[in-house]
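Chemist: Residue numbers (my numbering): 2 to 437. Each residue gets a CB set at the ideal place from its N, CA and C atoms; glycine is no exception. Since this is a predicted model, take the numbers as computed values, not measurements. Can you read through this structure? Questions will come right after.
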Ligand code: PLP
């Protein structure tokens, strides 16, 4: 282990002096090294990491196959720029992703760096394919922090407040009835509610014939871990078919094993036209992709999409190793088994504490929401209190949407490690909620 050169307090002071406060930090710690489900800070404290770099580490920290792939590729070629001279790992990764996405028709893939870039490029591609300007996104959606990503993101503070003017031609669907339905609604009722809501959008906000794409996270990530209702996803697919609209599944957070399948859309049995992915795609190396129907992907002219670093060879090599791990024996079954262990544990907590108003998830993308038991107001104080107490006990957690605690454990976690984390979580919840 490297000898730490500074204390945490010294680095916090240097961070405050050298780096603006805009880029937020979940935990006031500095990481020294990490392995599997654990990270160690520079003071030697060990944490079970239930943030996973905000879901970039589905295969865990420093997976040996990824470390090996990165080293081997760095020895051969670190960068060439795809637009200057091509290399096989990009081609092969595109071939693999084309085969992996749940889309029957022939597919093509373009590689970028970040989730926001993938979303922006998916929109550009959809616009050229349809010849239409408008983009439809959801309330509570998160699509990134670039101008268009921020404009599509369906929450004001902290993402877009004060940053206008925003990208034009972005129209918004409410998150209900698509994501949050009372449990007693039948599929038919949900479908009818969704159809009516989209019809209102087309009647009062934007003509359907002007809409290039509808972008949907199958499970809202930053927006609070709301899985879409299956009937809502099916209904949107039908509406897109009817009006020639490109259906984009933003799987930047929900994809690559998190929901107990390679892509969350598979759990819904619905084929999108384009899928955006990033985060866990390259196990922590910056890489994102848009994969989708070849006829749509081929719409942009030569030079219309791309970027200097997009599909960097080292990131591609890491992605191949990630896909090897994901496609290994039982990876998705284990992810689902994690969710199957977590959900009842969260429900037991909800039965004990009226402050926990909702427990929800798909696969291993699980969360619980904290509200005031009397007023129903979001309880961010208790949320932050639980996160702090868990950290003090050696478990890194983070919130979504202010009052939701999301559990983003690496999916290689053992059941023993998971149980240890769930015990820490239960103790932290007990300490926080029995004092409020
Ligand atoms: N789309 C979704 C669904 C996300 O969760 C995120 C990031 O959290 C993004 C897009 C943006 O990704 P990035 O931060 O890599 O730009």
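1) Can you say whether residue 411 is buried or exposed, counting buried as having 16 or more other CB atoms within 10 angstroms of its CB?
2) Just to be sure I understand the criterion: a residue counts if its Cβ is closer than 6 Å to at least one heavy atom of ligand 1. Which residues meet that?
3) Looking at the secondary structure, which residues open and close the beta strand (DSSP E) in which residue 216 lies?
4) Among the candidates 28, 130, 9, whose CA atom is the shortest distance from the CA of residue 51?
5) Comparing C-alpha positions only, which one of 135, 152, 190, 218 sits nearest to residue 209?
6) Just to confirm my understanding: we take residue 293, look at its own chain, exclude 5 residues before and 5 after, and list those with CB closer than 7 Å. What are they?
7) DSSP has residue 50 in a bridge; who is on the other side?
8) Compare the beta carbon distance of residue 291 and residue 230 with 9 Å and say whether it is the shorter of the two.
9) Suppose contacts are defined by Cβ-Cβ distances below 9 Å. Is residue 343 in contact with residue 419 by that definition?
10) Below 8 Å on the Cβ atoms is my guess for residue 321 versus residue 90; work out the distance and round it to an integer in Å.
11) Should residue 34 go down as buried or exposed, given a rule of 16 or more other Cβ atoms within 10 Å for buried?
12) Whose C-alpha, out of 280, 193, 24, is nearest the C-alpha of residue 289?
13) Residue range of the alpha helix (DSSP H) that residue 234 falls in?
14) Would you decide whether residue 268 is buried or exposed? Buried here means 16 or more other CB atoms lie within 10 Å of its CB.
15) Which first and last residues belong to the alpha helix (DSSP H) in which residue 332 is found?
16) Please state the DSSP three-state secondary structure of residue 90.
17) Quick check on residue 253: does DSSP put it in helix, strand or coil?
18) Can you give me the C-alpha to C-alpha distance between residue 124 and residue 240, rounded to a whole angstrom?
19) Thinking residue 9 and residue 30 are a contact (beta carbons under 8 Å), I'd like their distance in whole angstroms, please.
20) So residue 72 is in the alpha helix (DSSP H); what residue range does that whole segment cover?
21) Looking at C-alpha atoms only, which residue of 371, 176, 106 is the closest neighbour of residue 137?
22) Residue 302: buried (16+ other C-beta within 10 angstroms of its C-beta) or exposed?
23) How big is the Cα-Cα spacing for residue 324 and residue 414?
24) Counting only C-beta atoms, is residue 401 closer than 9 Å to chain C at any point?
25) Would residue 270 pass as a contact of residue 405 if the rule is Cβ separation under 9 Å?
26) Three-state secondary structure (DSSP) at residue 136?
27) Starting from residue 433, follow its DSSP beta bridges and name the residues at the other end.
28) From the DSSP output, in three-state form, read off residue 44 for me.
29) On the CB-based measure, 16 or more other CB atoms within 10 Å of its CB, does residue 259 come out buried or exposed?
30) Since I believe residue 111 is in contact with residue 298 (beta carbons under 8 Å), could you give me their beta-carbon distance rounded to a whole number of angstroms?
31) Which of the three DSSP states, helix, strand or coil, is assigned to residue 248?
32) What are the residues that DSSP puts in a beta bridge with residue 363?
33) What residues are listed by DSSP as bridge partners for residue 109?
Modeler: According to the structure shown:
1) Position 410 of the chain shown, counted from the start, is the residue given in the question as residue 411. Answer is buried; the Cβ neighbour count reaches 16.
2) 55, 115, 116, 117, 120, 143, 144, 145, 218, 222, 223, 251, 253, 254, 279
3) Within the chain shown, numbered from 1, the residue matching residue 216 stands at position 215. It spans 212-217 - the beta strand (DSSP E) in which residue 216 sits, taken as one unbroken run.
4) Looking up residue 51 in the chain shown gives position 50. Taking only the C-alpha atoms, the option nearest residue 51 is 28.
5) Within the chain shown, numbered from 1, the residue matching residue 209 stands at position 208. Here the closest residue by C-alpha is 135.
6) Counting from 1 along the chain shown, the entry for residue 293 is found at position 292. Answer for residue 293: 104, 108, 274, 275, 276, listed in chain order.
7) Taking the first residue of the chain shown as position 1, residue 50 is located at position 49. In the DSSP output, where bridge partners are listed per residue, residue 50 has 397.
8) Along the chain shown, one-based indexing puts residue 291 at 290. Along the chain shown, one-based indexing puts residue 230 at 229. No, the Cβ-Cβ distance between residue 291 and residue 230 is not below 9 Å.
9) For the purposes of this step, residue 343 is identified with residue 342 of the chain shown, where counting begins at 1. For the purposes of this step, residue 419 is identified with residue 418 of the chain shown, where counting begins at 1. In this structure, residue 419 lies closer than 9 Å to residue 343 by Cβ.
10) Counting from one through the chain shown, the residue named residue 321 turns up at place 320. Counting from one through the chain shown, the residue named residue 90 turns up at place 89. About 7 Å separates the two Cβ atoms, so the contact holds.
11) Here residue 34 refers to the residue found at position 33 of the chain shown. Exposed.
12) Walking along the chain shown from the start, residue 289 turns up at place 288. When each option's Cα is compared against that of residue 289, the closest is 280.
13) Along the chain shown, read from residue 1 onward, the residue named residue 234 stands at position 233. Where residue 234 is concerned, the enclosing alpha helix (DSSP H) stretches over 231-244.
14) Within the chain shown, residue 268 is the residue found at index 267, counting from 1. Counting Cβ neighbours within 10 Å, residue 268 comes out buried, since at least 16 surround it.
15) Counting from one through the chain shown, the residue named residue 332 turns up at place 331. Residue 332 -> alpha helix (DSSP H) spans 332-353.
16) The count along the chain shown starts at 1 and reaches residue 90 at position 89. Residue 90: helix per DSSP, three-state reduction.
17) Against the chain shown, residue 253 aligns to sequence position 252. In this structure, residue 253 counts as coil in the three-state DSSP scheme.
18) Here residue 124 refers to the residue found at position 123 when the chain shown is read from its first residue. Here residue 240 refers to the residue found at position 239 when the chain shown is read from its first residue. Their backbone Cα atoms lie some 18 Å apart in a straight line.
19) Taking the first residue of the chain shown as 1, we reach residue 9 at position 8. Taking the first residue of the chain shown as 1, we reach residue 30 at position 29. The Cβ separation is near 6 Å, so the contact holds.
20) Here residue 72 is taken as the residue at index 71 of the chain shown, counted from 1. From DSSP, the alpha helix (DSSP H) with residue 72 extends over 65-77.
21) By 1-based counting over the chain shown, the position of residue 137 is 136. Of the candidates 371, 176, 106, the one whose C-alpha sits nearest the C-alpha of residue 137 is 176.
22) Here residue 302 refers to the residue found at position 301 of the chain shown. With fewer than 16 Cβ atoms within 10 Å of its Cβ, residue 302 is classed as exposed.
23) Here the question's residue 324 lines up with position 323 in the chain shown. Here the question's residue 414 lines up with position 413 in the chain shown. Going from the Cα of residue 324 to the Cα of residue 414 covers about 17 Å.
24) The structure shown has no chain C; it contains just one protein chain.
25) Within the chain shown, the letter at position 269 stands for residue 270. Within the chain shown, the letter at position 404 stands for residue 405. Their beta carbons are not under 9 Å apart, which means residue 270 does not touch residue 405 by this criterion.
26) As a working note, residue 136 is residue 135 in the chain shown. Three-state DSSP puts residue 136 in a strand.
27) Stepping through the chain shown from its first residue, residue 433 is reached at position 432. DSSP, once it has assigned bridges, lists no residue as partnering residue 433.
28) For this step, residue 44 is matched to residue 43 along the chain shown. Looking at residue 44 - three-state DSSP - the assignment turns out to be coil, as it is neither helix nor strand.
29) Counted from its first residue, the chain shown places residue 259 at position 258. It counts as buried.
30) In the chain shown, counting from the first residue as 1, residue 298 sits at position 297. In the chain shown, counting from the first residue as 1, residue 111 sits at position 110. 7 Å between Cβ atoms; contact.
31) Mapped onto the chain shown, residue 248 falls at position 247. In this structure, residue 248 counts as strand in the three-state DSSP scheme.
32) The count along the chain shown starts at 1 and reaches residue 363 at position 362. 366, per the DSSP bridge assignment.
33) What you label residue 109 is simply residue 108 of the chain shown in a count that begins at 1. Bridge partners of residue 109: 293.
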